[in-house]
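One structure is given here, and the rest of the page talks about it.
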Amino acid sequence: MLRGGYYEEKRINPIFMNKKITLFLVSIFAFGFLSIQSAPSVQALTSAEIQALIQQLQTQIASLQQQLTQTEETAEVWCHDFNTNLRYGDSGSEVLALQTALGKDGFPVMDIDENAQGNYFFGEYTSSAVVGFQGKYKSEVL
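The opening position of the sequence shown corresponds to residue -9 in our numbering, with each subsequent residue numbered one higher.
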């Protein structure tokens, strides 16, 4: 502190300082001792336990590979070359192929003309699905 133009030295009591250091060291020691005591014990895996874990992993890998194979086998590929211009009122196998293609792309339709004796018919539902399909892909075509 400044007193009369001179700095007055403030002296720290050495006993007080020793008590602080002692308290700090005791706190560190106690905390360290408690944390060591509460730490869980760690044991190494035995050979049998390691073999059991390996067997479990191999079983899981085999199961996943089997699921992958089944998924690949069930994937059905469908393709058709359209060589006919189709329009409202048409019926037959080409219309069936169009309806199948629309259905696989998220536009399921089934127009059956009762007069055509079971042939698939390009009617109102098929026409609506074609318009939806064209709207979906217009940016890719234009």
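C-beta: ideal position from N, C-alpha, C; glycine also.
Beta-carbon proximity of residue i to residue j, cut-off 8 Å
i	j	result
Phe112	Leu76	yes
Ala42	His70	no
Ser118	Tyr78	no
Val85	Tyr115	no
Spatial distance of residue i from residue j (CA atoms)
i	j	result
Ala38	Phe21	38 Å
Trp68	Thr36	54 Å
Gly122	Val131	14 Å
Ser129	Val120	15 Å
Ser53	Gln60	11 Å
Lys10	Val16	10 Å
Ala34	Gln48	22 Å
Ile40	Thr12	49 Å
Where the alpha helix (DSSP H) containing residue i begins and where it ends
i	result
Gln89	Ser83 to Lys94
Residue closest to residue i, alpha-carbon to alpha-carbon, out of the options
i	options	result
Tyr125	Met100, Glu114 and Leu92	Residue 125 is actually Gly in this sequence, not Tyr. Closest by alpha carbon: Leu92.
Tyr127	Tyr110, Asp95, Glu84 and Val99	Asp95
Cβ neighbour criterion (16 or more within 10 Å) applied to residue i
i	result
Gln89	buried
Ser83	exposed
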